[in-house]
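Numbering (this note's numbering), first residue to last: 12 to 230.
Here's the structure, in structure tokens; my notes come after.
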Amino acid sequence: LVMENYFVGILSSGEIHVWNLTCGTKLKKVLCPGTNNDVIVNAAKSKKPSTDFVIIVYRNSMYHFYVFSLASLEFYPFNTSHGLQIFPYSLIQNGLLAMCLRDFFKVFDYRTSQLVLVVPADYTVELLTMDDYFLLITKTTIHIFHTITANFESVLIALVHPHESRFSLYDIVCGRFLVMGRDSEELWEIDLKSTPIKITHLSSLIYLSYYRSAVINKA
């Protein structure tokens, strides 16, 4: 991982090596908590604060979640463990850790180890960040949680193709548009400033990669 002026090397054995890219010196070698030849399966950095990242360790048929701070070069006391039937996925934003589990989402404040939010779902699809929001995606609903104010809204998504469920949400483009779908990609616009929040279907996509490379001209 490269975060600000830090380089973080993470070995599958659980060793974490932190380097300062500005002066080229190694700051610290840390062992992930509880690791003993366990396997680190995933790591994800945060945009806010940009010096925290989450590590997921697989041990004894369980996935264990830890958060490391580059500001203190230490792990937070927080940890949580889950036995999952799907590959674990998580994001952090503004001191909160969001987890996409098989049939529910969880949001923790990893600074205080408090459980902030649980959202049940028949089938979870995806987890994204947009501005200061977590987007918790199910087959028919996008749950929107503000990571600072804790405001929570749920927006139902009308299926464009009645006989096709949403099995994946691919990306956020230009900080405003959702590209989602399975056999055919759909473009949706999300307006976080409206009350209530609005999500509008715009069109079906033919070339997904073209839209993913788009940028907004702010001139």
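The beta-carbon is built from N, C-alpha and C at its ideal position, and this holds for glycine as well.
Using the DSSP secondary-structure output, state which residues sit across from residue i in a beta bridge.
i	result
aspartate 63	Ser80
threonine 123	The partner list for threonine 123 (beta bridge, DSSP) is empty, contrary to what the question assumes.
glycine 20	His28
leucine 167	Thr152
Which of the three DSSP states is assigned to residue i in this structure?
i	result
glycine 106	coil
asparagine 252	The question about residue 252 has no answer here: the residues shown for the chain are numbered 12 through 230.
leucine 112	coil
glycine 25	coil
glycine 94	coil
glutamate 15	coil
proline 173	Because proline 173 sits at a pLDDT of 47, beneath the cut-off of 50, its placement in the model cannot be relied upon, and the point is left open.
tyrosine 134	coil
asparagine 31	strand
asparagine 162	coil
isoleucine 51	strand
phenylalanine 140	One detail in the question is off: residue 140 reads as threonine in this sequence, not phenylalanine. It is a strand residue.
isoleucine 201	strand
With C-beta atoms as the reference, is residue i less than 8 Å away from residue j?
i	j	result
leucine 108	tyrosine 17	no
isoleucine 27	phenylalanine 79	yes
leucine 203	aspartate 142	yes
glutamate 197	threonine 211	no
histidine 75	asparagine 90	yes
phenylalanine 119	valine 127	yes
Mind reading off the beta-carbon distance from residue i to residue j? Whole number of angstroms is fine, and I expect it under 8 Å.
i	j	result
phenylalanine 167	isoleucine 155	The amino acid occupying residue 167 in the given sequence is leucine; phenylalanine does not appear at that position. Going by Cβ atoms, the distance from leucine 167 to isoleucine 155 rounds to 12 Å, so no, they are not a contact pair.
glycine 25	aspartate 49	6 Å
lysine 56	leucine 112	Contact flag wrong, Cβ pair sits at about 21 Å.
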